[in-house]
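Written out below as C-alpha cells is the structure these notes cover.
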C-alpha cells in the first residue's frame, strides 16, 4: 500500500512539473517563455553576444558589452548601445541592475541615432530615492515618476515601456509610474504646465518610429531579458 501511494505521489509530481514547464511558467534568463513565443514576443539579446546590437555612432560594440550574460553599455564605443532595427509601436521589457552610483537611460524612438538626446525619448536609469524628472522611471525631463519604485542596490528591476501612437507608459517592478500623451504637448521647449524642458521641438512632433538602446553615461549598468512585442505588426 505504501509503495502504491509513493508511486502515485511520484507520478503526480512528474506530471505537475511537466505541466508547469509546458505552460511556460519557468523563466530562464535571456530566453522567451512558451507564452511569450505564442504571443509574438521577440528576444533582442541572446545573453551570449552582441548580435543585433550596434553603437549609435555606427561602431561595432566593444567585447566588454557582454558581462556574465548581460548587456553592459559602459565603454561600448558609443553614447547609446542600440538595437539595429527601429520600431514604432511596441512594448519593451527588460531587467536592469545598477551599482550604488549609476546614471544611464533606456532610449527609444530615436529618429536620428547620431542625435539621440534631441530626437528620442529616454526612461531614466538612476540609483536614486527621489521622484523628479531626472530620477529612476521618469520620462526624462518631461514626466516625473509617480513613485520611485527602485529596489535596493544590487537587485534586478523590471522595466516595461509601452508605446502606441502618441501614448507612452513606463512600468517599474509591476507598477506604472509614468505616462504621456504626446499629442497634448504642442509647444516647443515647454511642458504642459508651461515650464521649460530641454527639447527643441514640441513633443507631439517627436518621431513615432526609431531605434532603442541603453545609454553609456560613464558608469556600469547591466541589462538582461531584453524582449519586445512589436505592436506595429499587429495593426
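Numbering (this note's numbering), first residue to last: 4 to 238. All residues carry an ideal CB built from backbone N, CA and C; glycine is no exception. Note that the coordinates shown come from a computational prediction; the quantities given were computed from them, not determined experimentally.
Original post:
Taking the C-alpha atoms as reference points, what is the distance between residue 178 and residue 152?
Top reply: If you number the chain shown from 1, residue 178 lands on position 175. If you number the chain shown from 1, residue 152 lands on position 149. If you take the alpha carbons of residue 178 and residue 152, they lie about 8 Å apart.
Original post:
Are the Cβ atoms of residue 3 and residue 129 separated by less than 8 Å?
Top reply: Residue numbering for the chain in the displayed model covers 4 to 238; residue 3 lies beyond these limits and cannot be assessed.
Subject >> is_contact[residue 126, chain B] using C-beta, thresh 8 Å >> reply: No chain B appears in the structure shown, which is made up of a single protein chain.
Original post:
In angstroms, rounded to a whole number, what distance separates the CA positions of residue 93 and residue 38?
Top reply: Along the chain shown, read from residue 1 onward, the residue named residue 93 stands at position 90. Along the chain shown, read from residue 1 onward, the residue named residue 38 stands at position 35. About 17 Å.
Original post:
Helix or strand or just coil, what does DSSP make of residue 38?
Top reply: Translated into positions along the chain shown, residue 38 becomes position 35. Correct three-state label for residue 38: helix.
Original post:
Mapping DSSP to helix, strand and coil, what is residue 165?
Top reply: Against the chain shown, residue 165 aligns to sequence position 162. Three-state result, residue 165: strand.
Original post:
Cβ atoms of residue 196 and residue 2: under 8 Å apart, would you say?
Top reply: Not covered by the structure: residue 2. The range shown for the chain is 4 to 238.
Original post:
Once you ignore the five residues that flank residue 59 on each side, which residues in its own chain have a CB closer than 7 Å to its CB?
Top reply: Residue numbering aside, residue 59 sits at position 56 when the chain shown is read from its first letter. Excluding residues within five positions, the ones whose Cβ falls inside 7 Å are 81, 82, 83, 85, 116, 117, 119, 216.
Subject >> The beta strand (DSSP E) enclosing residue 174, as first and last residue numbers >> reply: Here the question's residue 174 lines up with position 171 in the chain shown. Counting along the chain, the beta strand (DSSP E) containing residue 174 begins and ends at 170–175.
**OP:** Determine, using beta-carbon pairs with one atom in the segment 59–72 and one in the segment 133–140, whether at least three such pairs fall under 8 Å.
**Re:** no
**OP:** Flag this pair as touching only if the segment 34–52 and the segment 101–110 have three or more C-beta atom pairs under 8 Å; answer yes or no.
**Re:** no
**OP:** Work out the CA separation of residue 36 and residue 30 for me, nearest whole Å.
**Re:** Mapped onto the chain shown, residue 30 falls at position 27. Mapped onto the chain shown, residue 36 falls at position 33. Straight-line Cα distance between these residues: approximately 6 Å.
**OP:** Keeping to the same chain, check which residues put their C-beta closer than 6 Å to that of residue 194; ignore five residues upstream and five downstream.
**Re:** Mapped onto the chain shown, residue 194 falls at position 191. Excluding sequence neighbours, residue 194 sits near 200.
Subject >> Boundaries (first-last residue) of the alpha helix (DSSP H) holding residue 122 >> reply: As a working mapping, residue 122 is identified with position 119 in the chain shown. Element bounds for residue 122: 119–122.
**OP:** Can you give me the Cβ contacts of residue 188 inside the same chain, cut-off strictly under 8 Å, excluding the 5 residues immediately before and after it?
**Re:** Stepping through the chain shown from its first residue, residue 188 is reached at position 185. The answer, listed in chain order, is 145, 194, 195, 205, 206, 207.
**OP:** Give me whichever residues DSSP pairs with residue 284 in a beta bridge.
**Re:** The first residue shown for the chain is 4 and the last is 238, placing residue 284 beyond what the model contains.
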